[in-house]
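Below you'll find the structure, written out as structure tokens, and then a few comments.
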Amino acid sequence: MELFERPSGGERAVLVHVAFESRPEEGEIAEFSELAKSAGAEPVALVTASRSQPDPRTFVGSGKLDEIREILEANAGELVIFDHELSPGQERNIERALSCRVLDRTGLILDIFAQRAQSHEGKLQVELAQLRHLSTRLVRGWTHLERQKGGIGLRGPGETQLETDRRLIGHRIARIRKRLGKVDARRELGRKARRRAEVPTISLVGYTNAGKSTLFNRLTESQVYAKDQLFATLDPTLRQLVLPGNTSVVLADTVGFISRLPHELVAAFRSTLQESIDAALLLHVIDASSPEMAGQVAEVRAVLEEIGADEVPLLEIYNKIDQLDGVEPHVERDGEGRPVRVWLSAMQGSGLDLLQEVLEELVGADQVSGRLVLSPGQGALRAALYREGHVEEEGCRDDGSLELHVTLSRKRYEQLMKEFDALKSLRSESSGQCKVLDLR
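Residue numbering for the sequence shown follows the numbering used here, starting at 302 and increasing by one per position.
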């Protein structure tokens, strides 16, 4: 049987969306179209269908496949993208019938991730996910390498090209996992240092394009790439944020979620998502203007449960209220007075002051911030404060003592004072909004 050889180019795409036991939903189709555009495809036609269950050979059935072929030829299409996960057999059968490249939803999202990954870790994670996906789609061997061949000069290396490819992919996956293990170990060292210093981490999570990176930039005055497109940023970014009460926290921006996120990606990005698992607080950023808001919230919660972050305290951030009529920035609280939702616009910057006050309320209660005055003989205490990342500023007084502006948890502060016997003559003086803690 003749096998179809994939052409290497072409981005004019026919999109195929099948609804099972229901009518196609406009929100799902719109998101699918945005995914295709984010990957660089040029959608030229959309084919929709309704079925009770997928056809085991061609997913859509022979009749619908003929319709797709006609639309493909009429629009000079070069690629067919399915908004569903195809089995390797279904993908091969469709390609053979249409004589063009076929991509399923998983392959589409993996392609977007491959384009967007910038850091060394991100590229490794995406390559790992791609190789795991590819390993299920190796279908043919080169006949001149098959072990069945005989005769002088015709004997192969004892395995088909398919087996060789599988072996090479297996070796590459093992190497990537080893390198990712080293990256994860370094990331874990950073997490341990923050835990030791008791600096709380606040992690931004949410559906892709909900405005996480825009909010992150507004809060930390950073320049993380933010654009109105799906998966604009992939690589996790951590920045220090000082809240109104001088509480110092680490804010983490993580990869966005999406409906039916491929399991290969969840597994590959588990070390990145560990920032969310270990966070003191999750900020679930929600696009309040989206008609699909309820479904997006449910998808994010499902992924959080899958990675084991569903037990972490969570604050909902309803973003993009500038696109809603009559909604002003405000805070919603539960029956016990605890804040549970903050309504704001990250793009316009309205409501950010409310959010920072709420964050101070939720994570800042157990922290102290002030200026410590250390005598020259308290160098060991100074070194410990620097080692754990508590010192924000240092100056020298006329009498030779050192004045350090520090932020740390009350518990750790008391431990350090006791450990270095520095509480003997503690006194405090008012100095603006800070306290001068004289330890001489």
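For each residue, glycine too, the CB sits at the ideal point set by N, CA and C. Owing to the predicted nature of the structure, the values given are computational and were not obtained by experimental measurement.
Contact annotation: Asp554 and Lys513 have beta-carbon atoms nearer than 8 angstroms.
For Ala580, the number of other beta carbons within 10 angstroms of its own is at least 16, and it is reported as buried. Under the three-state reduction of DSSP output, Phe333 falls in the helix class.
In this structure, Phe360 sits near Phe383, with a CB-CB distance shorter than 8 angstroms.
In the DSSP assignment, the residues bridged to Thr538 are Asp554. The three-state secondary structure of Ala342, taken from DSSP, is coil. With contacts defined by Cβ atoms closer than 8 angstroms, Thr548 and Thr708 form a contacting pair. Assignment of beta-bridge partners to Pro640 by DSSP yields Arg634.
Inter-residue distance for Glu633 and Arg397 is about 56 angstroms (C-alpha atoms, whole angstroms). Counting the other Cβ atoms within 10 Å of the Cβ of Ser339 gives 16 or more, which makes it buried. Under the criterion of beta carbons closer than 8 angstroms, His434 and Thr407 qualify as touching, at roughly 6 angstroms.
Residue pairing for Cys697: DSSP places it in a beta bridge opposite Leu703. In this structure, Ser504 lies near Ser577, with their beta-carbon atoms less than 8 angstroms apart. Annotation: Glu329 to Arg519 spans about 30 angstroms, alpha carbon to alpha carbon. Here the alpha carbon of Val551 sits roughly 15 angstroms from the alpha carbon of Leu656. Where Tyr687 is concerned, there is no enclosing beta strand (DSSP E), although the alpha helix (DSSP H) around it starts and stops at 680-688. In the three-state reduction of the DSSP assignment, Leu673 falls in the strand class. Burial is judged here by how many other beta carbons sit within 10 angstroms of a residue's own beta carbon; Glu637 has fewer than 16 and is exposed.
Secondary-structure assignment with DSSP links Phe360 through a beta bridge to Asp356. It is roughly 15 angstroms from the alpha-carbon of Gln716 to the alpha-carbon of Tyr687. In this structure, DSSP gives Asn547 a state outside helix and strand, which the three-state scheme calls coil. By the criterion of a C-beta distance shorter than 6 angstroms, Glu593 is surrounded in its chain by Gly328, once the five residues flanking it on both sides are discounted. Val586 has its alpha-carbon roughly 11 angstroms from the corresponding atom of Gln597. Taking C-beta atoms under 8 angstroms as the contact rule, Leu660 and Leu653 fail to qualify, at a distance of about 10 angstroms.
Per DSSP, reduced to three states, the secondary structure at Val613 is coil, with no helix or strand assignment. At the C-beta level, His706 and Arg672 come within 8 angstroms of one another.
Contact between the region 465-479 and the region 423-434 is present: 3 or more CB-CB pairs across the two stretches fall below 8 angstroms.
Per the coordinates, the alpha-carbon of Glu693 lies some 29 angstroms from the alpha-carbon of Met648. Here Arg313 is bridged, per DSSP, to Glu343.
By DSSP's assignment, Leu709 forms a beta bridge with Val669. For Ile395, the enclosing alpha helix (DSSP H) begins and ends at 389-399. Note on geometry: alpha-carbon atoms of Glu335 and Leu429 lie some 25 angstroms from one another. Distance between Cys401 and Pro389, taken at the CA atoms: about 15 angstroms. With respect to the C-alpha of Thr521, the residue from Thr538, Thr509, Ala511 having the closest C-alpha is Thr538. The three-state reading of DSSP puts Asp626 in coil, since its state is none of H, G, I, E or B.
In this structure, the alpha-carbon of Asn376 lies about 41 angstroms from that of Leu516.
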